[in-house]
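J.: If you scroll down you'll find the structure; I have some questions about it.
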Amino acid sequence: MGIDEDLSPLCWGVTVPFVLLTVASFLLRVYSRAFIVRCFGMDDWLATIAFVSWPFQHTNAPLTNNFSDCLDRPMLYMLVYLFVEEFYYFALQLFIKLSFLFFFRRIWTSRTVGRLIIGVMVLVCFQITGTFIFYALQCIPIQAYFHPERYPNAKCLSSLATLIFPSTANVAVDVIIYILPIWPLWNLHASRKRRIALMSMFTFGGGAVLVSGLRFLVLFEFSADPDFAYVLGKIVIVTMIEFCTALFTLNMPSFKAVWSKHVTGTFLDNGESMPPQHELSDVS
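In terms of our numbering, the sequence shown is numbered consecutively and its last residue is 791.
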């Protein structure tokens, strides 16, 4: 399958709605934090870095399986793209994960929860650093990754290992981050209805975890399918949807301030939300 297919039309058709929603959500976040709440924190800066960096991941993505289209840069071009993509993907994951965690730190002042969040931050840093080292050492010497025919005695990990192991660790950390706020939210001094609404908002991010699961299926296919470039194009599409889902979830809390300001009129003019600590407007 895919021997004469160009994935560009599919990429545009599937991802454009996700991209538009992600861009709109980010603009609402900037408006909410900079002009309504008037407080741009570390989580906002990290989210901004992730959003600005995210489109460049797909700038040179090969979305066709026809190697002749690459002219003077066939398989080597694909290998270089895949190698750089591995590092870029997890660098973006670092910014997104830390933005979530700094956001949690901002809305929960509990010492116990704060320590737990810091522990997860350390875990994220170790996970990403370990992944970078793993990729850098996947072949010894690393030149064998790009030119295996020149290094017949090189020691390299299997493609399945390099694709699946880092992604498994990444999904595991994602699950930890997405379930992290559930217990503190459930114990807030708020009505049951409000607590359920808050948890629903946070756990919406589980959609990104589900997309990561779909990415696993494509990665398995990629490790075994000789139709290298076509399956690589499918990875690009799934990865685009994964990041769109994660970024949209990251921006969701800011919607409350915009809604309170322009729809319900319950946001105070001095830049403060309607009362108490830990109310929904606090997560703007």
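Ideal placement from N, C-alpha and C gives every residue a C-beta, glycine not left out.
(1) Considering only DSSP beta bridges, list what residue 763 is partnered with.
(2) Would you check if the distance between the CB atom of residue 715 and the CB atom of residue 771 is smaller than 8 angstroms?
(3) Residue 649 by DSSP, collapsed to three states: which one?
(4) Between residue 558 and residue 754, which are expected to be in contact by the criterion C-beta below 8 angstroms, what is the C-beta distance as a whole number of angstroms?
(5) Whole angstroms are fine: how far does the CA of residue 543 sit from the CA of residue 604?
(6) Might you give, ordered along the chain, the residues of its own chain that have their beta carbon closer than 6 angstroms to the beta carbon of residue 676, omitting 5 neighbours on each side?
(7) Opposite residue 546 in the DSSP bridges: which residues?
(8) Expressed to the nearest angstrom, what Euclidean distance is found between the alpha-carbon atoms of residue 664 and residue 646?
(9) Just to confirm, are residue 535 and residue 765 a CB contact at a threshold of 8 angstroms?
(10) Could you tell me the distance, in whole angstroms, from the CA atom of residue 619 to the CA atom of residue 625?
(11) Label residue 673 either buried or exposed according to how many other C-beta atoms from any shown protein chain fall within 10 Å of its C-beta, with 16 as the threshold for buried.
(12) For residue 604, which beta-bridge partners are listed by DSSP?
(13) Give every residue of the same chain whose Cβ lies closer than 6 angstroms to the Cβ of residue 597, excluding the five residues on either side of it in the sequence, and list them in chain order.
(14) Would you tell me roughly how many angstroms separate the C-alpha atoms of residue 560 and residue 526, rounded to the nearest one?
(15) Which word fits residue 572, buried or exposed, when buried means at least 16 other C-beta atoms lie within 10 angstroms of its C-beta?
(16) How big is the Cα-Cα spacing for residue 808 and residue 756?
(17) Check whether the segment 648-663 and the segment 676-696 are in contact - that is, three or more C-beta pairs closer than 8 angstroms.
(18) Quick one, are the C-beta atoms of residue 606 and residue 761 less than 8 angstroms apart?
(19) I'd like to check one pair, residue 584 with residue 564: are the Cβ atoms closer than 8 angstroms?
T.: A quick look at the data gives this:
(1) Translated into the one-based positions of the sequence shown, residue 763 becomes position 256. DSSP output for residue 763 lists no bridge partner at all.
(2) Numbered from 1 along the sequence shown, position 208 holds the residue referred to as residue 715. Numbered from 1 along the sequence shown, position 264 holds the residue referred to as residue 771. No, Cβ-Cβ distance for residue 715 and residue 771 is not below 8 angstroms.
(3) The count along the sequence shown starts at 1 and reaches residue 649 at position 142. Per DSSP, reduced to three states, the secondary structure at residue 649 is coil, with no helix or strand assignment.
(4) Counting from 1 along the sequence shown, the entry for residue 558 is found at position 51. Counting from 1 along the sequence shown, the entry for residue 754 is found at position 247. Rounded to whole angstroms, the Cβ separation of residue 558 and residue 754 is 6 angstroms, and the two are in contact under 8 angstroms.
(5) As a first step, residue 604 is located in the sequence shown; it is residue number 97 there, counting from the start. As a first step, residue 543 is located in the sequence shown; it is residue number 36 there, counting from the start. One C-alpha to the other measures close to 25 angstroms.
(6) Numbered from 1 along the sequence shown, position 169 holds the residue referred to as residue 676. Taken in chain order, the residues that qualify are 634.
(7) To locate residue 546, count along the sequence shown from 1; it is residue 39. Beta-bridge pairing links residue 546 to no other residue.
(8) Reading the sequence shown from its first residue, position 157 is the one you call residue 664. Reading the sequence shown from its first residue, position 139 is the one you call residue 646. Cα-Cα distance, rounded: 7 angstroms.
(9) For this step, residue 535 is matched to residue 28 along the sequence shown. For this step, residue 765 is matched to residue 258 along the sequence shown. Taking the C-beta atoms as reference points, residue 765 is found nearer than 8 angstroms to residue 535.
(10) Reading the sequence shown from its first residue, position 112 is the one you call residue 619. Reading the sequence shown from its first residue, position 118 is the one you call residue 625. Between residue 619 and residue 625, the C-alpha separation is close to 10 angstroms.
(11) Indexing the sequence shown from 1 puts residue 673 at position 166. Residue 673 is buried by the Cβ-count criterion.
(12) What you label residue 604 is simply residue 97 of the sequence shown in a count that begins at 1. Beta bridge pairing from DSSP links residue 604 with no other residue.
(13) Translated into the one-based positions of the sequence shown, residue 597 becomes position 90. 635 and 638.
(14) Counted from its first residue, the sequence shown places residue 560 at position 53. Counted from its first residue, the sequence shown places residue 526 at position 19. Cα to Cα, residue 560 sits roughly 14 angstroms from residue 526.
(15) Locating residue 572 in the sequence shown gives position 65, counting from the first residue. With a pLDDT of only 44 at residue 572, under the threshold of 50, the placement of this residue in the model should not be trusted, and no figure is reported.
(16) What the structure shows of the chain is the stretch from 508 to 791, and residue 808 is not part of that stretch, so it cannot be assessed.
(17) Cβ pair count under 8 angstroms is below three, so no.
(18) Reading the sequence shown from its first residue, position 99 is the one you call residue 606. Reading the sequence shown from its first residue, position 254 is the one you call residue 761. No. Outside cutoff.
(19) Indexing the sequence shown from 1 puts residue 564 at position 57. Indexing the sequence shown from 1 puts residue 584 at position 77. No Cβ-Cβ contact shorter than 8 angstroms links residue 564 with residue 584.
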